[in-house]
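Here the structure comes first, spelled out in structure tokens, and everything after it is commentary.
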Amino acid sequence: FWFDVPSQLKGFEESVLSSGFAFRKLPGHWLLNRAAGVIEWVPVARTLMRRYASYGLLRDKVVYVTRTLGGPAAGPGIFGHGATTLESALQFCGAHLAAADAVAELDDTPAAALKAEVLPRMARRIQAHCEAIARAVGASQAHAIAEKAAASQALASKRA
């Protein structure tokens, strides 16, 4: 798919990751637009300014992406395609990209090797990533619940 996602997934991205649902575009100003044109060439500033381009409404989401490649895993990086539009769009919308794995050289791998080695290995990696995300989300939810409980106890003690 030329270093990107299939067209059906791209269409899904464009219809679902929309303004008002996945992000809110911040108001523009000619001075900010000019400054952004300069800042885009300053590596550290460029990274820091990403948070001011839009307000992502998916900030509480953790995402794990698995890519399939017909060629070598290094192919996208060699040609300057570090991330697909899916990964970039999700990050623009505020989602935290936990990991992005690649299953590479699928065009040259025999079907028997895919079934016996590649797919089971990827299934284990996917399961490990999903379990790590579940632990992280569970820990953050437990922390949020504990904070709410402490706040309600403090409020109750003030009333008493």
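Numbering (the UniProt record's numbering), first residue to last: 1 to 160. Positions of the beta carbon are idealized from the N, C-alpha and C atoms, including for glycine.
- Taken atom to atom, the span from the alpha-carbon of H143 to that of A149 is near 10 Å.
- Rounded to whole angstroms, the gap between the alpha carbons of P43 and K61 is 26 Å.
- If you keep only unbroken beta strand (DSSP E) runs of at least 3 residues inside the UniProt domain "Flavodoxin-like fold" (2-107), you get 23-25, 54-56, 62-68, 96-103.
- Between the alpha carbons of A100 and L155 lies a gap of roughly 43 Å.
- When DSSP states are grouped into helix, strand and coil, P120 belongs to the helix group.
- A direct Cα-Cα distance of roughly 13 Å separates V5 from G82.
- Here the alpha carbons of P110 and F21 stand approximately 42 Å from one another.
- Here the segment 90-99 makes contact with the segment 63-80; the two share three or more CB pairs at distances below 8 Å.
- When rounded, the separation of the alpha-carbon atoms in A132 and L31 is 43 Å.
- The beta carbons of A73 and E13 sit about 23 Å from each other, so the pair does not count as a contact at 8 Å.
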